[in-house]
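Note sheet for the following structure.
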Amino acid sequence: MGWDEWRAATHQRQLDLGILPPGTELTERPEWIQEWATLPDVEKRAYARMMEVYAGFLTHTDHHVGRVFDHLEAIGELDNTIVVVMSDNGASPEGDKHGAFNSVAWYNGVPLTLDAVVPNVELLGTAESHGHYPYGWAHAGNTPFQRWKRECHEGGVADPLIVHWPAGTNGSGEVRTQYLHVIDIMPTVLDALGIEMPDVLEGVPQKPIEGKSLLESFSVADTSTQRTTQYYELLGCRAIYHEGWKAVAYHPMRGQLYVPGIDPDIAFDDDRWELYHVAEDFSESHDLAEAHPQKLREMVDRWWAEAGAHGALPLHSSRPVQVERPAHYALRPRYVYRPGAPVATPAAVDIRHRPSITVADVEYSGDDEGVLVAHGGRFGGYALYMQDNALHYVHNFLGAQRFRVSSPPLPEGHHTLGYSFTPTGQFAGTVDLLVDGEIVASGEIPQTTIYSYHLFGEYFCVGFDDGTPVDDTYFAPFHFTGRLDSVVVDVSGAPFRDLALELEAFFASQ
């Protein structure tokens with residue numbers, strides 16, 4: 001079954017279950033999503049396998065959610081535990097047209113190609129892959145809506161919400177139709193617990209709660225909707241819901257230009273707003289912008305008012321980076337690490353695109369081996385390790401290429417072992433291996449990681465490599481068997497920056 005047939009079947013099942021209002025239409029598949037029936041067999045096989053992997057992971061997740069429920073039931077707390085299950089956004093198009101064998105590549109602005117998927121079909125779903133299905137499946141996953149994650153059509157922002165609380169609800173398996181937003185969950189839980197949000201918490205004044213409690217809807221199916229207006233803004237896409245109407249504008253983003261002929265540099269004022277009467281057209285099938293221009297104008301004006309009141313402005317056509325939480329490495333020229341737990345990436349030293357010197361203080365017996373420093377894993381990262389009586393450095397570029405530098409054999413004894421990295425251009429550099437302060441080997445790294453070594457986990461480690469191995473010459477965690485006292489990382493040199501490419505990679509990661 002391909003995504004077109006599955007989407008149609010899902011739509012009918014949603015109607016049969018009463019999840020959709022009667023008469024809800026299935027939006028059309030846009031021409032830039034391939035029709036499943038026209039695909040070559042080799043593509044069908046690859047794309048079907050990707051969806052199998054996704055379905056398998058959902059089954060795996062369901063099983064472990066079930067274990068939590070079993071435990072709550074065993075201790076007699078299931079009926080009086082509020083369980084809320086929801087998604088954080090619509091299904092993701094980040095696999096692009098052909099899907100991904102290593103989706104970390106996409107987050108670094110590297111185009112995804114069919115050639116990277118087809119030879120590796122049998123490895124999808126294994127530890128060798130970090131896959132993502134094509135956006136044809138994302139479109140089907142958001143049935144009956146248009147669009148997907150990162151955008152403000154219902155396919156991006158209308159998410160399933162399941163609440164399980166037998167002691168506080170009437171009935172089982174019932175559907176509620178009130179309009180609500182994720183910000184309504186927290187005040188609902190507080191309301192259920194009979195707790196008021198304090199104005200000051202641990203000495204910190206709190207912002208007012210914008211959400212509304214939906215507790216009454218748990219027991220009264222036809223209670224009135226508490227939320228009549230809600231604005232949205234996501235990476236330039238905008239929308240507003242108000243009393244059964246919704247206005248929405250799509251804004252293109254570099255790295256995800258699937259609509260033919262669209263201008264990624266279009267000004268926000270030139271974006272086209274659409275208008276839907278979602279009280280009667282739940283799936284946003286009929287754009288009424290031309291039929292009701294005055295209503296559209298009112299909705300757009302309301303969006304600007306709501307966005308201004310809640311901190312969503314200003315908007316910029318250049319899409320400047322929204323600054324991440326300040327990191328300590330920006331203020332520190334030198335780090336000292338001891339062997340132990342992984343250091344989360346935001347808290348660890350950042351050596352990307354900047355001169356650095358990394359040195360480990362070790363006692364080496366002649367037979368010792370293992371990782372001295374590692375950051376990342378199979379799908380991208382770097383590592384310094386001992387193996388076969390030699391010191392090795394590897395830079396793993398998105399799992400596609402590994403650039404290695406190795407030393408001559410090392411004598412046993414006390415040593416400082418490390419490497420220096422010198423940028424030589426755009427995401428490239430030279431590595432010198434250091435033994436007791438002397439250069440013993442050098443090599444070129446023609447392509448370093450642009451933005452991110454990983455999507456989650458695979459943190460900075462000293463004395464081992466957690467998660468997947470950076471290099472395929474060893475098995476993680478590959479603990480260093482000698483004595484490792486400390487690792488010092490010096491990043492006092494100025495970083496080499498290509499802001500245009502960094503921005504493009506940043507937007508791809510959002």
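Under the working numbering, residues 1 to 510 are what the sequence shown spells out, in order.
Glycine included, every Cβ here is placed at the ideal spot set by N, Cα and C.
For proline 205, the three-state secondary structure derived from DSSP is strand. At least 7 Å separates the beta-carbon of histidine 286 from that of tryptophan 245. The stretch 56–133 contains, as complete alpha helix (DSSP H) runs of 4+ residues, the segments 104–107 (chain order).
Boundaries of the alpha helix (DSSP H) around tryptophan 6: 3–17. For a cut-off of 8 Å, the C-beta gap from phenylalanine 268 to glycine 236 is around 7 Å, short enough to register as a contact. For serine 103, the CB contacts under 6 Å within the same chain, skipping 5 residues up- and downstream, are His130 and His132 in chain order.
Contact between the stretch 366–379 and the stretch 448–462 is present, with at least three C-beta pairs closer than 8 Å. Its chain contains Pro144, Phe145, Gln146, Ser283, Glu284 and Ser285 as the residues whose beta carbon lies nearer than 8 Å to that of threonine 27, once the 5 sequence neighbours on both sides are disregarded; these appear in chain order. Bridge partners of glutamate 444 according to DSSP: Thr430. In the DSSP assignment, aspartate 361 falls within the beta strand (DSSP E) that extends over 356–364. Judged by DSSP secondary structure, histidine 139 falls within the alpha helix (DSSP H) whose first and last residues are 135–141. Spatial neighbours of arginine 483 in its own chain (CB-CB distance under 7 Å, excluding positions within 5 residues in sequence) are listed in chain order as Val362 and Glu363. A residue is called buried when at least 16 other Cβ atoms come within 10 angstroms of its Cβ; lysine 44 does not meet this threshold and is exposed. Proline 409 and glutamine 34 have their alpha carbons spaced roughly 55 Å apart.
Closest in C-alpha terms to alanine 312, from the list Glu128, Tyr231 and Thr61, comes Tyr231. Counting of Cβ neighbours within 10 angstroms places asparagine 170 among the exposed residues, the total staying below 16. Within the model, the alpha-carbon separation for glutamate 298 versus glutamate 216 is close to 31 Å. Between threonine 188 and valine 487, the alpha-carbon positions lie close to 48 Å from each other. Here tryptophan 32 carries a coil assignment [DSSP, helix/strand/coil]. Counting along the chain, leucine 190 sits inside the alpha helix (DSSP H) bounded by residues 185–193. Residue state for threonine 422 is assigned as strand, using DSSP reduced to three classes. Methionine 386: member of the beta strand (DSSP E) spanning 380–387, first to last residue. Valine 336 is positioned such that its CB atom lies no closer than 7 Å to that of phenylalanine 464. According to the DSSP secondary-structure assignment, isoleucine 439 is paired through a beta bridge with Leu434.
Residues of the same chain with a CB within less than 6 Å of the CB of proline 21, apart from the 5 flanking positions on each side, are Phe282 in chain order.
Collapsing the DSSP output to three states places glutamate 52 in a helix.
Taking a cut-off of 8 Å on C-beta distances, the stretch 196–215 does not touch the stretch 86–106, as fewer than three cross pairs fall below it. Beta-bridge annotation (DSSP): glycine 377 is paired with Gly380. In the pairwise beta carbon analysis, the stretch 112–129 is classified as touching the stretch 48–61: at least three pairs are separated by under 8 Å. With fewer than 16 neighbouring CB atoms inside 10 Å of its own CB, proline 119 falls in the exposed class. For the pair tyrosine 385 and histidine 395, the CB atoms are not nearer than the 7 Å cut-off. Around the beta carbon of tyrosine 250, 16 or more other beta carbons sit within 10 angstroms, so the residue counts as buried. Straight-line spacing of the CA atoms in proline 314 and aspartate 436 works out to 53 Å. Residue pairing of asparagine 170 in beta bridges, as defined by DSSP: absent, with no partner found.
DSSP places glutamine 401 in the strand class (E or B) of the three-state scheme. Per the coordinates, the alpha-carbon of leucine 114 lies some 10 Å from the alpha-carbon of proline 134.
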